[in-house]
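Take a look at the structure below.
In my numbering, the protein residues as written are 4 to 460.
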């Protein structure tokens, strides 16, 4: 039959010598005419047989790849009633196909626009000694950024010392950072080298710096300006050569405005900035993160879990993840420990779902209370390689039966706001608008709107 392309990723389009926008709405037969075997025949076969086709060797551009196809019943969200087929390609490397290799850099997993920007900044900032401020919600992985900056930079052979400023009492934080002399205060029975001394020649990471008391902030500012510390109970200055990386989950600008954070210190620690987007705004990375944690827990618990079912992944896609990647890891480890089969289904998450619904029901669905489109019911458990990151193609049989209703909130200005809020991620913007991303793509294409048109004016 005739199949029309409804969604295609930029990496896959590039492999075909084209751009995603040029392929949307076009014929599968025309776009993939040089791919063997013919994909349109495979699409007909998978719809007729109602079973997934796996590990089909194909020639994609100049690369050998393996292909997985699965039909999605009921059409694409509520915009199409004709059949859908999802395609997922995997690059084949020496030694066989790579199944589900997550796109990773610097120990971080993801290929969404927000994460690619993080990777870009790490590569640049690692070569500098300037202070870096890492921002992001709790659980996004800010310490991983600090470690990556250290490991990729010229101080990699020196120590990396991490301090959680919110976990140490105000009375002890100064001593912990700068050290103290014997007898400096009650209980100081011996001389103590502080974290700055221990980080000499390397990097110190100050997590939750916004919780640092004002008195300690003043001493930290002195260290950054002079490169010297004074232990508590001593007047002797000790030189230290340290790169400082700080992190916060609250806007330091607001803390400065409230008078609880020094403005001069803010400008010292925020020379360079890296923002880690929350997981709810990069749900395209969720399958890669799941694959990463499956591999991690297989090694830790000596198991052989293959994947989650599409239903299980769709369930995780519908959650807003207030605890971000840390919460995802904890949830997956919980069901992993209890799993006794190679595939983990949605039932394994039932107890966790009940707990979350009782504790915080608002975390299911989009924060603005618009409808959250369901995640694609297939392929989420099969990770693309870095070459074809996020390279599922949705193709629907044509002619599709379109519904005439247009979401009332789908205006250019609404899309522009959602696009900015989603850090340039169109899929996340679609979720914020409460429409399927294919609907958003069609709207942009129909009105000849490019990504540049969505940038702030």
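Glycine included, each C-beta is placed from N, C-alpha and C at the ideal position.
Spatially closest choice to residue i from the options, by CA coordinates
i, options, result
"residue 341", "125, 175, 451 and 308", "308"
"residue 313", "424, 153 and 293", "293"
"residue 197", "225, 291 and 166", "166"
"residue 195", "45, 182, 203 and 204", "182"
"residue 269", "210, 327, 415 and 136", "136"
"residue 225", "358, 138, 180 and 321", "180"
"residue 447", "159, 418, 431 and 361", "418"
"residue 172", "153, 192 and 215", "215"
"residue 278", "20, 22, 119 and 32", "119"
"residue 414", "428, 121, 129 and 437", "437"
"residue 474", "159, 193 and 240", "No information on residue 474 is available, as it lies outside the stretch 4 to 460 that the chain covers here."
"residue 152", "276, 192, 41 and 116", "276"
"residue 336", "320, 115 and 311", "311"
"residue 17", "34, 9 and 30", "34"
"residue 295", "21, 113, 8 and 42", "113"
"residue 344", "306, 178, 323 and 320", "306"
"residue 201", "231, 45 and 162", "162"
"residue 28", "9, 175 and 254", "9"
"residue 32", "174, 43 and 322", "43"
"residue 6", "298, 45 and 267", "45"
"residue 122", "229, 359 and 155", "155"
"residue 164", "244, 359 and 302", "244"
"residue 289", "256, 260 and 324", "324"
"residue 193", "19, 298 and 178", "178"
"residue 126", "21, 157, 223 and 140", "157"
"residue 218", "174, 255, 203 and 205", "174"
"residue 320", "298, 304 and 356", "356"
"residue 423", "280, 19, 302 and 303", "280"
"residue 203", "232, 454 and 138", "232"
"residue 359", "346, 334 and 347", "334"
"residue 222", "176, 205, 261 and 347", "176"
"residue 346", "128, 242, 297 and 133", "297"
"residue 220", "267, 30, 134 and 454", "267"
"residue 205", "131, 450 and 421", "131"
Residue range of the alpha helix (DSSP H) that includes residue i
i, result
"residue 9", "Segment 6-10 is the beta strand (DSSP E) holding residue 9; no alpha helix (DSSP H) there."
"residue 340", "327-341"
"residue 320", "313-320"
"residue 305", "Segment: none, residue 305 is in no alpha helix (DSSP H) and carries neither H nor E."
"residue 181", "173-181"
"residue 31", "31-34"
"residue 362", "353-362"
"residue 2", "Absent from the structure is residue 2, since the part of the chain shown begins at 4 and ends at 460."
"residue 458", "First-last for residue 458: undefined, no H or E at that position."
"residue 438", "Run containing residue 438: none; DSSP gives neither H nor E here."
"residue 345", "Segment: none, residue 345 is in no alpha helix (DSSP H) and carries neither H nor E."
"residue 37", "No alpha helix (DSSP H) contains residue 37, which DSSP labels as neither H nor E."
"residue 424", "415-424"
Where the beta strand (DSSP E) through residue i begins and ends
i, result
"residue 452", "No beta strand (DSSP E) contains residue 452, which DSSP labels as neither H nor E."
"residue 207", "206-210"
Residue i beta carbon near the ligand ZN (any heavy atom closer than 7 Å)
i, result
"residue 241", "The ligand ZN is absent from the structure shown, which contains no ligands of any kind."
Distance between beta carbons of residue j and residue i, contact taken as under 8 Å
i, j, result
"residue 111", "residue 168", "Residue 111 to residue 168, Cβ: 23 Å. No contact."
"residue 328", "residue 282", "6 Å"
"residue 326", "residue 142", "5 Å"
"residue 300", "residue 339", "4 Å"
"residue 213", "residue 170", "Rounded, the Cβ-Cβ distance is 13 Å, inconsistent with contact."
"residue 273", "residue 318", "Incorrect: roughly 39 Å between the Cβ atoms, too far for contact."
"residue 491", "residue 286", "Because the chain here runs from 4 to 460, residue 491 falls outside it and cannot be looked at."
"residue 116", "residue 426", "7 Å"
"residue 271", "residue 227", "5 Å"
"residue 432", "residue 443", "7 Å"
"residue 26", "residue 38", "13 Å between Cβ atoms; not a contact."
Residue-level contact to chain B via CB, residue i, 8 Å cutoff
i, result
"residue 457", "Among the protein chains of the structure shown there is no chain B, as only one such chain exists."
Quiz item: In the region 214-300, which residue ranges form an unbroken beta strand (DSSP E) of at least 3 residues, counting only runs that do not cross its ends?
Solution: 231-233, 240-242, 246-251 and 275-278
Practice problem: For the region 235-247 and the region 181-190, state whether three or more C-beta atom pairs, one from each stretch, are separated by less than 8 Å. | Solution: yes
Practice problem: Can you check the region 122-165 for any alpha helix (DSSP H) of at least 4 residues that lies completely inside it and give the ranges in chain order? | Solution: 145-155
Quiz item: Below 8 Å, can you find three or more Cβ-Cβ pairs linking the region 148-166 to the region 244-255?
Solution: yes
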